[in-house]
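Numbering (UniProt numbering), first residue to last: 1 to 149.
Using N, Cα and C, we set each Cβ at its ideal position, and we do this for glycine too.
A quick write-up on the structure given underneath.
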Ligand code: DAT
Ligand code: MG
């Protein structure tokens, strides 16, 4: 069982894609362990994108993620990190697989609707930035027994 951090970025919220994005992850079988609407501060955004500090797109990316409310969630499931990345699609929407969120709803790398952790260490670090431990809930859904042998 894995946990990953997903953010529906300001473009996803402004384009009213919150329900659609959550629907895709839920339909795949990932379980919502934490969920909130929030406005990301500059300080939090800089911590979140710390690995990209110094790159040409750092400032624009920080400005964008802080430009409006976002929906932050923790998704849980077997291989949740890789599965969520696959459902999101590649970073650049024009290179993302058809049927993925980024391909189906975007065109530009800087407006790619959704963030997802890229590995186990990143997921643990990012989840700690956005959620207190008691805000993440482990539970079983009635249908979970139908998702795994
Ligand atoms: P991902 O979001 O797929 O993990 P990343 O971690 O390499 O991709 O980059 C983080 C975000 O920064 C990405 O979602 C959009 C923005 N970004 C990345 N590369 C960019 C570029 N070349 N120009 C503009 N924005 C970029
Ligand atoms: Mg990344």
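Relative to the ligand DAT, is the shortest distance from any of its heavy atoms to the C-beta of residue i smaller than 8 Å?
i, result
"residue 49", "yes"
"residue 67", "no"
"residue 90", "yes"
"residue 116", "yes"
"residue 152", "Given that the chain is displayed from residue 1 to residue 149, the structure contains no residue 152 and the question cannot be resolved."
"residue 61", "yes"
"residue 10", "no"
"residue 100", "no"
Regarding residue i and the ligand MG, is the C-beta to nearest heavy atom distance less than 8 Å?
i, result
"residue 87", "no"
"residue 122", "yes"
Kindly give me the distance between the Cβ atoms of residue i and residue j, rounded to whole angstroms, as I take these residues to be in contact under 8 Å.
i, j, result
"residue 87", "residue 28", "6 Å"
"residue 10", "residue 38", "Not confirmed; about 11 Å, so no contact."
"residue 225", "residue 126", "No answer is possible for residue 225: it lies beyond the span of the chain, which begins at 1 and ends at 149."
"residue 129", "residue 44", "6 Å"
"residue 34", "residue 113", "That belief does not hold up - the Cβ atoms of residue 34 and residue 113 are roughly 20 Å apart, past 8 Å."
Find the nearest neighbour of residue i within the set the options, judged by alpha-carbon distance.
i, options, result
"residue 36", "140, 60 and 135", "135"
"residue 111", "17, 1, 3 and 131", "17"
"residue 19", "132, 149, 131 and 101", "101"
What beta strand (DSSP E) runs, 3 residues minimum, are completely inside the UniProt domain "Nucleoside diphosphate kinase-like" (1–138)? 2–8, 31–38, 70–77 and 114–116
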